[in-house]
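Single-structure report; data block below.
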Amino acid sequence: MISLKNSSEIKKMSEACKISAQALKVAKDFIKPGVSTKEIDEVIRKFIISTGAKPNFLGLYGFPGSACISVNNTVIHGIPSKEIILKDGDIVSIDTGAMINGFNGDNAYTFAVGEISDEAKQLLRVTEECLYRAIEQAKVGNRMGDIAYACQSHAESYGYGVVKKYVGHGIGRKLHEDPEVPNFGTPGRGVRLAAGMTLAIEPMINIKGEEVKTLSDGWTVVTASGSLSAHFEHTILITEDGPKILTKA
Ligand code: MG
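Numbering (the numbering used here), first residue to last: 1 to 249.
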């Protein structure tokens with residue numbers, strides 16, 4: 001069931017989204033070669049708790065971190081670890097979420113560590129463009145397929161692989177609500193979009209191939225080809241006047 005949020009619910013949810021976005025900002029300032037993903041996770045956890053919110057990923061389905069931190073060929077759900085040390089030239093996707101007032105926020109960004117290759121720079125740019133092109137389509141009267149196609153067509157115009165196994169989602173009182181928000185689809189098809197819908201739109205794009213596999217830890221999702229992968233996400237609200245990004249710091 002898709003829940004439409006009223007204005008008082010949106011107000012509460014906006015706070016959760018703002019904290020989620022600030023957590024990414026805090027993480028960004030901490031990223032440098034030599035830092036472990038566990039240390040980044042600690043900084044995020046402490047920040048979120050300092051605001052009175054709760055890191056909503058921690059313990060969800062048993063996830064051990066406060067953030068998902070995914071380096072290079074890891075697509076999503078990277079477990080923060082002391083053993084994973086960032087180095088110059090890496091890309092690192094950080095996915096943070098906070099819950100406060102009974103509502104959730106969720107967002108992700110892929111950062112460059114030091115100086116990265118032109119190939120990696122293009123992947124980051126295009127994946128972020130996919131996110132914004134998808135958001136542009138999140139308007140009353142459109143359908144989910146319009147969001148999905150905007151993402152897919154842009155990524156595929158560069159020969160990139162759009163991950164299909166994992167998708168975005170509705171968000172609100174629960175981190176994962178209906179409807180699913182795929183990054184691939186057909187314009188004019190799928191769920192009709194309405195004002196009051198709150199969606200986490202999150203392109204996951206691989207340089208080579210759409211196939212992914214999960215490592216033996218049961219969480220870490222990597223590209224099957226071994227190529228780099230990027231992930232950008234915003235929580236947005238559909239209004240009568242168009243999409244509004246809620247995860248702004
Ligand atoms: Mg999400």
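Glycine is no exception: its CB is placed at the ideal position from the N, C-alpha and C atoms.
All figures in this text were calculated on a predicted structure; none of them were measured in a lab.
Tell me residue i's beta-bridge partners as DSSP assigns them.
{"i": "V212", "result": "T223"}
{"i": "R192", "result": "R143"}
{"i": "C68", "result": "D95"}
Among the residues of its own chain, which have a CB less than 8 Å from the CB of residue i, if the five just before and after it don't count?
{"i": "I49", "result": "P55"}
{"i": "S7", "result": "none"}
{"i": "G209", "result": "G161, T223, A224, S225 and S227"}
{"i": "F63", "result": "F57, H77, I79 and W219"}
{"i": "V26", "result": "V43, I44 and F47"}
{"i": "F103", "result": "E9, K12, M13, E15, A16, G172 and R173"}
{"i": "V191", "result": "I2, R143, M144 and P179"}
Using the Cα positions of residue i and residue j, report the straight-line distance between them to the nearest angstrom.
{"i": "S36", "j": "K87", "result": "9 Å"}
{"i": "I10", "j": "F47", "result": "23 Å"}
{"i": "T223", "j": "G78", "result": "12 Å"}
{"i": "Y166", "j": "E211", "result": "11 Å"}
{"i": "E240", "j": "K139", "result": "8 Å"}
{"i": "K12", "j": "I19", "result": "11 Å"}
Quick check on the burial criterion: 16 or more other C-beta atoms within 10 angstroms. Buried or exposed for residue i?
{"i": "G97", "result": "buried"}
{"i": "G168", "result": "buried"}
{"i": "D123", "result": "One detail in the question is off: residue 123 reads as Leu in this sequence, not Asp. That one is buried."}
{"i": "R45", "result": "buried"}
{"i": "Y109", "result": "buried"}
{"i": "M1", "result": "exposed"}
{"i": "L215", "result": "exposed"}
{"i": "K5", "result": "buried"}
{"i": "D146", "result": "buried"}
Rounded C-beta distance between residue i and residue j? I'm assuming under 8 Å.
{"i": "F111", "j": "K28", "result": "6 Å"}
{"i": "I238", "j": "A200", "result": "That belief does not hold up - the Cβ atoms of I238 and A200 are roughly 13 Å apart, past 8 Å."}
{"i": "G196", "j": "R143", "result": "The Cβ separation is near 16 Å, so there is no contact."}
{"i": "I171", "j": "T127", "result": "Contact flag wrong, Cβ pair sits at about 20 Å."}
{"i": "Y149", "j": "G185", "result": "5 Å"}
{"i": "I94", "j": "I69", "result": "5 Å"}
{"i": "A155", "j": "I205", "result": "5 Å"}
{"i": "A249", "j": "A21", "result": "4 Å"}
Excluding five sequence neighbours on each side, which residues of the same chain lie with their C-beta closer than 7 Å to the C-beta of residue i?
{"i": "A23", "result": "I44, F47, I48, T96 and A98"}
Between which residues of its own chain and residue i is the CB-CB distance below 6 Å, once the five residues before and five after are set aside?
{"i": "C17", "result": "G105, T235, L246 and T247"}
{"i": "C151", "result": "C130, A134, N183 and P203"}
{"i": "K82", "result": "S36 and K38"}
I'd like to know if residue i contacts chain C, where contact means its C-beta is closer than 7 Å to some C-beta of that chain.
{"i": "K18", "result": "The structure shown contains no chain C; it holds only a single protein chain."}
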